[in-house]
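All remarks here apply to the structure that follows.
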Amino acid sequence: MSAQSESRFVSAVKDSVAGGLIALALFSLMLGMKAEVASGMGGQLGIEYRWGAVAIAVAIVFFGRLLLNLFVWKSDKPVTGIMSGMMPKASSFSGLGKFAMPVFLVLAVVLPFLLMSYYGASGSRRYLDLAILVTTYVMLGWGLNIVVGLAGLLDLGYVAFYAVGAYSYALLAHYFGLSFWICLPLAGILAALWGIMLGFPVLRLRGDYLAIVTLAFGEIIRVVLLNWYDFTGGPDGISGIPRPSFFGLEFERGDDGFAAFFGLDYSSIHRIIFLYYLILAMALVTNFVTMRLRKLPVGRAWEALREDEIACRSLGINTTNTKLTAFALGAMFGGFAGSFFATRQGFISPESFTFMESAVILAIVVLGGLGSQIGVVIAAVVMIGGFELIREFAEYRMLVFGLLMVGIMVWKPRGLISTRTPSISLSGKAKGISADLVQEGHG
Amino acid sequence: MSSWTNNPILTIEHLTMRFGGLVAIGDLSFNVGRGDITALIGPNGAGKTTVFNCVTGFYKPTEGRIVMHRANKEEYLLERMPDFKISAKAKVARTFQNIRLFGGMTLLENLMVAQHNPLMVASGFTIGGVLGLSSFHKAEKEAVDRARFWLDRIGLLERADAPAADLPYGDQRRLEIARAMCSGPELLCLDEPAAGLNPKESSELNALLQYIRAEQGTSILLIEHDMSVVMEISDHVVVLDYGEKISDGTPDEVKNDPKVIAAYLGVPDEEVDQVEQEVGL
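First to last, the sequence lines map onto chains A and B.
Numbered according to the UniProt record's numbering, the first sequence terminates at residue 443, and the numbering increases by one at each position without gaps.
Numbered according to the UniProt record's numbering, the second sequence terminates at residue 281, and the numbering increases by one at each position without gaps.
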């Protein structure tokens, strides 16, 4: 026994030394030398050596590999096995939806008052802004969930519809002086129209090809907005976008403002709270419509399309139209969220609609679990809220982002909440369907 | 006169399908009789599944005409229709050689998806459904009842809320047939329905097909390798070899046709020369 464990220790050390040597070779160039314009030498290029950093990196690799070897890879009882046993099982999550939804909902509704009573009017503004941001992403996630989660169409350019919605409102307000409440439906309709226009030629593509074309579409919209200077203001963006009113009451000081009408003291926080409830209501409408559609023939056809497109066609389902409705609906909710974004910021520019935004929204949907509404909420709160709270460490944002992704891929490759709830039940007590059986769709 | 010449439900005329230089089907003509169980048999690679794919619109034939004569006297030229319309309008349903169920959806959901088109109309193309109109609830209830009926028929009612991918192989085959029947077809095309079934399941399948033909009035066109199934239940057998029809008739006629014996059913080695001489090879 002791001889065996000793040989295991020796082989672990050997392996770690090999890993350390490779790390040394790589890091001595990557970390150890840094090209720098030396100030003392009149702008000449010099090399700064950082052997300390190399030593730290190599030590991390060596000891990390040693520990992994001893306790995971070559151990009789891998630590990860014990840990994954402690991870919650998928089945225990299925009940979570029932309780989590009402709890989240109540929390979301009373949140502004909780914050106000705790931090006061001025102190809570930061947190309310963050809550608005998170809720916007929840809405975007729910919108994209229709396309990616239900219909199984990989859309990498979702931000294009967000941009269409935002610019629709901004331009209509700028050129025609239309108010937010008129523009909100218009922005949604315009985004849906763009969704259909993109969808018609593109939806015959599948999988990777669809992803690439939607990615390109997202970039095209952004580049057009950037270069059409006369119309969109190009990189300068559009400023002075009007704020929304509360049934005709503006949120401003004076006799006909919101505060005066309700006999309150004027405070700028009123508008923020109003915006929060506005986006919350819009997000809930998105959720309500999605949940409703899932139980209708069109929603079932989306999911069937994700499972097997050929079988769908053999059953008389017009797959092109079905895909288009999913695309258009997803785009419409993106458009609604976009016009909200415009009215909240009061200023928009193409910079807000980069590919990174698409990637973050998609990551929220994928990490949360494809097709899961509550999963999207959790992922949005963690990813957007979590990152904003650690703003001081903004440099490490991408590092944490990557670690989170790796962690999810290892432990929950199908997302946090991956069980699928049947849309209809004969006995009334259908169980959630394990993620292993559900297809992701191939475009 | 046989029913397939008097009263055909499907007529295939001069059907040719070429893939590049390969002729998968060459000038094939045959009829499928209304109310018959018609079997399409032939060795591997004879072009049986290609015929199916042409009939159900998954391939566009290079040449030829495929006419569906519906009970209400409407006629459809299937070679000109997109695949989903063949199911929706011409009422031709099919199953697949490699089962294509919606594995992550429950049995009930599978059968509900098959009733997509009538439900879509009932839901006012979704708008009425979102608003919760009662006419949709009524239509949905009828659809559930029909699904329940078919689940009961194939003996899977207790598993209605289980995912389809969890079913054993034989049950999946029967579920796929039930799903095709839920789309209300007049002609049901089955691609090797008995493949991989044990004798008991195979006889259950025979009973199911007989029931579909007798009680539902649906004509059946099937591809099959299992000769016991073919000879027992089919009224009409068409034999393909290398994309051409070599025999066409009742099971007894086909069984005794020397060409069929040579090409497909097989003869003892010592008789090969003799049979080939008779056939003229």
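The C-beta atom is built at its ideal place from N, Cα and C for all residues, glycine as well.
Check	Outcome
Please list, in chain order, all residues of the same chain as V254/B whose beta carbon is under 7 angstroms from its beta carbon, the five residues on each side excluded.	V237, V239, S247 and V260
Using CA coordinates, which residue listed in T11/B, G21/B, M17/B and V32/B is at the minimum distance from L221/B?	V32/B
Give me whichever residues DSSP pairs with K138/B in a beta bridge.	According to DSSP, which records beta bridges pairwise, K138/B is partnered with nothing at all.
Do you know how far the Cα of M105/B is from the Cα of L150/A?	12 angstroms
Can you tell me the Cα-Cα spacing of S11/A and I22/A, whole angstroms?	17 angstroms
Would you list, in chain order, the members of the segment 309 to 333 of chain A that have their beta-carbon closer than 8 angstroms to a beta-carbon of chain B?	I310, A311, C312, R313, S314, L315, G316, I317, N318, T319 and T325
Taking D248/B as part of the alpha helix (DSSP H), name the residues at either end of that continuous run.	No alpha helix (DSSP H) contains D248/B, which is instead part of the beta strand (DSSP E) from E244 to G249.
So which residues on chain C does M112/B lean against when the C-beta distance must stay under 7 angstroms?	No chain C is part of this structure, whose protein chains are labelled A and B.
Looking at the strands, I want to know which residues DSSP matches up with A35/A.	I47/A
Closer than 6 angstroms by C-beta to R65/A: which residues in its own chain qualify, once you throw out the five before and the five after it? Chain order, please.	S16 and G19
Flag P8/B as yes if its beta-carbon sits less than 9 angstroms from any beta-carbon of chain A, otherwise no.	no
Is there at least one Cβ from chain B nearer than 9 angstroms to L437/A's Cβ?	yes
By the 10 Å Cβ neighbour count, where 16 or more other Cβ atoms means buried, how is S91/A classified, buried or exposed?	Its pLDDT being 49, under 50, S91/A is placed unreliably by the model, and nothing is read from it.
Using a C-beta to C-beta distance shorter than 7 angstroms, which residues of chain A count as neighbours of P163/B?	I433 and L437
Taking DSSP as the reference, what is the three-state secondary structure of L184/A?	helix
Can you give me the start and stop residues for the alpha helix (DSSP H) that D129/A sits inside?	R125 to L144
Taking Cβ-Cβ distances shorter than 8 angstroms, what residues in chain B pair up with S427/A?	A160 and D161
Between the segment 183 to 213 of chain A and chain B, which residues of the former have CB atoms less than 7 angstroms from a CB of the latter, in chain order?	none
Can you check which of these residues, F333/A, L315/A and D230/A, is closest to I279/A by C-alpha distance?	F333/A
When the Cα of L157/B is compared with those of W4/B, T56/B, Q115/B and E109/B, which residue comes out closest?	E109/B
Looking at chain B, is there any beta carbon in it that lies within less than 9 angstroms of the beta carbon of P112/A?	no
Give the residues of chain A in contact with D166/B, contact being defined as C-beta atoms less than 8 angstroms apart.	L437
Whose C-beta lies closer than 6 angstroms to the C-beta of F63/A among residues of the same chain, with five residues either side of it excluded?	none
Please list, in chain order, all residues of the same chain as A108/A whose beta carbon is under 7 angstroms from its beta carbon, the five residues on each side excluded.	L280
Go through its chain and collect everything with a Cβ distance to G196/B's Cβ below 7 angstroms, but skip five positions before and after it.	Y169
Can you name the residues of chain B whose CB is closer than 8 angstroms to the CB of E357/A?	Ordered by position in chain B, no residue passes the 8 angstroms Cβ test against E357/A, which lies about 29 angstroms from the chain.
Put I390/A into one of helix, strand or coil per three-state DSSP.	coil
Run down chain A in chain order and give the residues with a C-beta less than 7 angstroms from the C-beta of N117/B.	G316
Are any of the Cβ atoms in chain A nearer than 9 angstroms to that of T16/B?	no
Mind pulling the chain A residues with CB within less than 9 angstroms of S123/B?	L296, P297 and V298
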